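Chains as they are written, first to last, in my numbering: chain A, 1 to 747; chain B, 748 to 906; chain C, 907 to 1193.
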Amino acid sequence: MALDDSKKPREFKIVGTRPDRPDGIDKVTGRARFGADMVAPGMLTGRILRSPHAHARIKRIDTSKAESLPGVKAVVTRVDFGAVPDHVADIMDNCMAGEKALYDGHAIAAVAAISPAVARHALKLIEVDYEVLPHVTDVDEAMKPGAPVLHEGRQEETVPKGMSGNVIARAEFGHGDIEAGLKQADRVVERTYRTAATHQGYIEPHACLATMGADGQGDLWVCTQGHYMVRNTCAAILGLEQGQLRVTASEIGGGFGGKTTVFLEPVALMLAKKSGRPVKMVMSRSEVLRATGPTSSTSIDVKIGMTKEGRITAGFAELRYQGGAWPGSPVNMGAMSGFAPYDLENVKTVGWDVVTNRPKAAAYRAPGAPMAAFAIESAIDELAKGFGLDPLAVRLMNGADEGTKSSYGPTYPAIGLKATLEAARKHPHWTAPLGKNQGRGVACGFWFNFGGDTCVSLNITPDGTVTVSEGNPDIGGSRASMTMMAAEELGIPYDQVRTIIADTGSLGQNEVTDGSRVTFAVGLATIEAARAAKREMCRRAAMIWDIDEDAVEWEDGAARPAGPNAGKFPPMTIKEIAAVASNTGGPIAGHHEVTAEGAGVSFATHMVDVEVDPETGATKILRYTVFQDAGKAVHPSYVEGQFQGGAVQGIGWALNEEYIYGEDGILQNAGFLDYRIPVASDLPMIDTVILEIPNPGHPYGVRGVGETSIVPPLAAIANAVSAAAGVRMTQLPMSPPRVLAAIQADG
Amino acid sequence: MSRIHVTTKINGDETEFLCEAEATLLDVLRDELGLTGTKEGCGTGDCGACSVTVDGRLVCSCLMLGAEAEGREITTIEGMATGETLHPLQKKFIEMAALQCGICTPGILVAAKSLLERNPDPSEEEVRYWLAGNLCRCTGYDKIIRAVLDTAADMRRAS
Amino acid sequence: MRFEAPRSVEEAVTALAGQTGAHVLAGGTDLLVKLRAEMIEPDLIVDIKRIAGMREIAAEEGGWRIGAAVSGAEMGEHAGLVADWPGVVEAAGLIGSTQVQGRATLAGNLCNASPAADSVPAMVAAGAVARIVGPEGTRDLAVIDVPKGPGKTALERGEFIASIFLPARGARSGDAYLRFIPRTEMDIAVVGCGISLSLDEAGRVTAARVALGAVGPKVILVEAAAEAIKRRVLDEAALSDLAEACSKAATPIDDKRGTVAFRRHVAGVLARRAAVIAEARAKGETA
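Dropping the structure here:
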């Protein structure tokens, strides 16, 4: 049979169109069920008691009064969990504090009760004796010798002796000779940049509904980016067999990386186990901000040399990221990605992973990369402007291409960076006039993208329609994309396929929805599953026609004899083959299991115009254009949506969002009132330009698109604000008081 | 703790419920009446996911007590479509990809419908300010604003 | 907790006076947030919206009496009120989102006693008077005297505000309110400034009231700022003196929303900008 990928550019029938999403009606009518929307008979309400201190030893917890309150069915503390395997120890510690409370909001105990009011009352009856300890929330302070130390014995061998115990690890990337490169430069910019911690800010708070029997069987309904991850993590923490815990992913109300770990789930299962009843837990917004993962706050030194023609002779960055109360900040991703858009002879980055008394950092869209890009793209902009050079031309001159040895090691295959820069140069935005107090900024960004473990099962129903089961929660329209790729491959209409997100009992292991992996990896597996089904259908047709299997090919939704020598038979459609499947060997399906590789890196260039009010320091975004390589845009509307959403999260990060801690180590803005994410009236339309440089690692050329779009905005906006205000901004957020102070200090 | 008996009209249906004095209208809709299309994103009136109309006025149901609903007429997202016929805004939101995760969508649709009932020809700026209390973290608002403007134009043409 | 929705002022006063831990519910946009955050645990909530007159805007002695349960949205839809006191209406209209506007009230904004309340500097500039009802009867109190500090008011047990009175708008006069927030909507004022002024036929300021919000424990009526522009046309020099007087009068703190230096500076910037708007309104150049 003839099913191989030919090298000729593929003509798509469905991929590249914009059909309605299969979950659309559910989501516009309120029928879609999210984390908090599920109920179970006899369900209890679970709630968590949280630490009011940034750092404290827990000397005693007395739950007896809470336990004896009528209506309370279970109380859980860390003691209930016992010892857990090492690989989930930090996660356990974050879900329920052990010896110490390590941040404001850290979970201390939990109750399950017959009503929210009883649960609330019960929490007040839990007595905790704290020994308050000195705390530290700033990354640079935490690195100083003498800073309060969170953990003993966690420092890795990569850290030189004598540094604070809060410095957990050091990593280094790059090649060439920095000092030699700097000597060739006509100018060197050396600056320190700072960024505040920001939260993913998904509108749906974490929620789950747990059932757990004495037989070790459990069920969990949860809003998560990865229910397989939830299953595996909870099973490890609770000492369950993975196969005995079935996790079903609800619709998910945003994640952006923040729902790639567990917070409530093991606690809910433990409460369900102890009470013998289903337990539902839903976080409040303040719990989300206090106790779920924001990203790192950072402090970054950059040193870049450039010739007066614009060639970068050396690039160096030292990055310090605090990852909250446990090791694992995304500093290495920052250190690897910051110079990735450029073809450099001499490049080096050093990353420091630091712990502080803040919630454990979770992934946030291209984790670690936006801060590094902010620092490095700001320095490049300053150099280019200092020489009077066009910042896009400078980036093109230094830009990475196919064959470039990247700053983090690998050599690139076909990539799209220069295509985005060329598109930016040709766009009318680039030459549009600017008014008084206005400035324009550009910046580039890179993200690795990811593949990983993936399973897809595709079944042909007796009437010849198709169901696709996949294991990755759909955050931004991936069911539509899978449906499109399955329909494309099978040669049948979009509405003949329905894709569902299967529970953990229905498929093998699936990585979480992260790393912009779903359209790439699950798409790849969907296409392969469809191909397997096609092979089987060709085999069935061959059987019916009594010709050789290899003499049948699949085209336009039907098996056909391949060529005139194969025999004269009319095409057999998928419906006709399905109708007689019981007589030709039984039900027909295709499946594919893979650890997907070849995700294909992604680049973007962003361009933004701002106006700064010189009397108040307020910044208004006037115009914004995203140029990004999608490899192949399966559903262009959803690709645009990813570009726009990432850009606007970046706008929030650049201008107003920040975690504000008081001297007491308490988070001061744990709500949407003062944690200021962009609102509709803050923004212009976000224009998008999709570039398509096919990814050789995917049958249709798809690259992940979800994360890259948040990498350039911080720097692009900083470059624009610096131009408009006439003073270089090196600290985020560029809130009005900070910008006004910079303008006034500049005279 | 005696519960309060409330008679009200929800999406056109005469409805009675019992609630605690401190229960918000949002708690009642979701937990007593099973109308979970109205979402809680913050509980403090900052995100708009719980938007409903009360006597035709757009409000956050998290900022109103259930007991206040006595004698009022409440409309939620569940009352927006008529049978299997979607409201033009609902159709347009699907067509123009004006939602990603969908958690803010019910609140935004209820708010947008309320706008178009008052102002059938809003400017982009008017739409943006009217919806400023409806947070969306996925879309950057672009496609939402376009969908509302486009629907308004369609509805003007149709009327 | 109990909930009551009395039909008369007398019933409401009796209920409030008879119960410790009683709270008045008008729009509820602050009360429910505090309830949710467990900042308050009331024993009784008295909803005043069903009392006659509470949701009415009535003409009185050339001015307007605004019932305590009238929402910002209702004020914005009242042509007469908008024509006379656009600054007060705009200030009320800045409180929260469209959704919050459907419920939030002037009286509630005042009784919440936040130094950053948007409508209060505008009401103070307008010379507004609160009508207070209680067990001892009815009394009128200037709006500026209602807040006693953050979260504290001059109301006695059993008392509540029944209405706010905005006096007659004189000839050739106008008001304006501006605030600074980091975003374009949904924030608490970092600085707020309300100005009401009257002009003579030559365009000279004959009377002015200038009030600042969010730069002290309560709203500040800046007499020096009013003096700085009285008997003058609002030229560059007058506006600079106004701004300087406001910056000087501000006594702000550093907090999560702004710094001392920023607030002092922006108090002057806003005063200058608000004065220009109020002047244009006084001259009948804009609404």
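For every residue, glycine included, the Cβ atom is placed at its ideal position computed from N, Cα and C. None of these values were measured; they are calculated from a predicted model.
Could you tell me which of the options sits nearest to residue i, measuring between CA atoms?
| i | options | result |
| --- | --- | --- |
| A:E590 | A:S275, A:I621, A:G464, A:K534 | Residue 590 of chain A is actually Gly in this sequence, not Glu. Considering only alpha carbons, the answer is A:K534. |
| A:G785 | A:H199, A:A725, A:V128, A:A122 | Residue 785 of chain A falls outside the range modelled here, since chain A spans only 1 to 747, and no answer is possible. |
| C:R945 | C:A958, C:G1043, C:H929, C:G933 | The question names Arg, but residue 945 of chain C in the sequence shown is Met. Checked all of C:A958, C:G1043, C:H929, C:G933; the closest Cα to C:M945 is C:H929. |
| C:Y1083 | C:L941, C:M1029, C:I1038, C:P1123 | C:M1029 |
| A:A107 | A:V76, A:L125, A:A117 | A:V76 |
| C:G1040 | C:G1064, C:S1153, C:A1155, C:A1108 | C:G1064 |
| C:R1187 | C:G1109, C:R1169, C:G1164 | C:G1109 |
| A:E707 | A:H635, A:D682, A:A630 | A:A630 |
| A:D390 | A:P370, A:E663, A:G697, A:T431 | A:T431 |
| C:F1066 | C:E917, C:A1173, C:M981, C:A1144 | C:E917 |
| B:T852 | A:M43, A:R246, A:L289, A:E251 | A:E251 |
| A:P134 | A:I126, A:L125, A:M336, A:G146 | A:G146 |
| A:I126 | A:R738, A:G165, A:L69 | A:L69 |
| C:N1018 | C:E1185, C:P1053, C:F909 | C:P1053 |
| C:D1161 | C:G1055, C:A1181, C:A1173, C:A1120 | C:A1120 |
| A:K59 | A:R78, A:D401, A:C444 | A:R78 |
| A:T513 | A:T688, A:D687, A:L102, A:I475 | A:I475 |
| A:A109 | A:P41, A:D664, A:P266, A:T260 | A:P266 |
Please list, in chain order, the chain B residues whose beta carbon lies closer than 8 Å to that of residue i.
| i | result |
| --- | --- |
| A:G671 | C789, T791, D793 |
Tell me where the alpha helix (DSSP H) around residue i begins and ends.
| i | result |
| --- | --- |
| A:M729 | Element bounds for A:M729: n/a, residue is neither H nor E. |
| A:Y638 | 636-655 |
| C:V919 | 915-923 |
| A:K274 | 265-275 |
| A:W430 | 428-431 |
| C:G993 | 992-999 |
Along chain B, in chain order, which residues have C-beta atoms closer than 7 Å to that of residue i?
| i | result |
| --- | --- |
| A:T248 | By Cβ distance, chain B contributes nothing, its closest Cβ being about 16 Å from A:T248, past 7 Å. |
| C:M1125 | It should be noted that the sequence gives Val, not Met, for residue 1125 of chain C. None at all; the shortest Cβ gap to chain B is about 23 Å. |
Taking Cβ-Cβ distances shorter than 8 Å, what residues in chain C pair up with residue i?
| i | result |
| --- | --- |
| A:N656 | P1088, R1089 |
Could you tell me which chain A residues have their CB closer than 7 Å to the CB of residue i, listed as they occur along the chain?
| i | result |
| --- | --- |
| B:C851 | I203 |
| B:L896 | Correct list: empty, because the minimum Cβ distance to chain A is about 10 Å. |
| C:E1092 | It is worth fixing the name first, because residue 1092 of chain C is Met in this sequence and not Glu. Those within 7 Å of C:M1092 in chain A are V679. |
| B:L948 | Here chain B covers residues 748 to 906 and nothing more, so residue 948 of chain B does not appear. |
| B:K860 | What B:K860 touches in chain A: nothing, since even the nearest Cβ is about 11 Å away. |
| C:K1154 | In chain order: nothing, as chain A lies at least about 17 Å away. |
Is the distance from the Cβ of residue i to the Cβ of residue j below 7 Å?
| i | j | result |
| --- | --- | --- |
| A:L182 | A:A314 | yes |
| A:T349 | A:G174 | yes |
| A:F627 | A:A423 | yes |
| A:R170 | A:V159 | yes |
| A:R517 | A:T467 | no |
| A:A716 | A:V608 | yes |
Which residue marks the beginning of the beta strand (DSSP E) containing residue i, and which one marks its end?
| i | result |
| --- | --- |
| A:T616 | Where A:T616 is concerned, there is no enclosing beta strand (DSSP E), given that its DSSP letter is neither H nor E. |
| A:N459 | 452-460 |
| A:Q438 | 438-447 |
| A:H227 | Segment 227-238 is the alpha helix (DSSP H) holding A:H227; no beta strand (DSSP E) there. |
| A:I300 | 297-306 |
| B:P853 | Not the beta strand (DSSP E): B:P853 falls in the alpha helix (DSSP H), residues 852-865. |
| C:D1046 | 1043-1048 |
Please list the partners that residue i has in chain C, where partner means a Cβ-to-Cβ separation under 7 Å.
| i | result |
| --- | --- |
| A:E615 | V1175 |
| B:A816 | By Cβ distance, chain C contributes nothing, its closest Cβ being about 11 Å from B:A816, past 7 Å. |
What does residue i reach in chain B if we use C-beta pairs closer than 9 Å?
| i | result |
| --- | --- |
| A:D37 | R777, T783, G784, K786 |
| C:A1167 | Near C:A1167 there are no residues of chain B at all, since even the closest Cβ is about 28 Å away, more than 9 Å. |
Mind pulling the chain F residues with CB within less than 9 Å of residue i?
| i | result |
| --- | --- |
| C:M907 | Structure shown: chain F not included; protein chains present are A, B and C. |
Taking only beta carbons into account, state which residues of the segment 728-741 of chain A come closer than 8 Å to chain C, listed in chain order. S735, P736, P737, L740, A741
Taking only beta carbons into account, state which residues of the segment 797-812 of chain B come closer than 8 Å to chain C, listed in chain order. S798, V801, R804, L805, V806, C807, C809, L810, M811, L812
Against chain B, which members of the segment 682-693 of chain A pass a CB distance test of less than 7 Å? L683, M685, I686
Please list, in chain order, the residues of the segment 248-267 of chain A that have any C-beta partner in chain B closer than 9 Å. E251, I252, G253, G254, G255, F256
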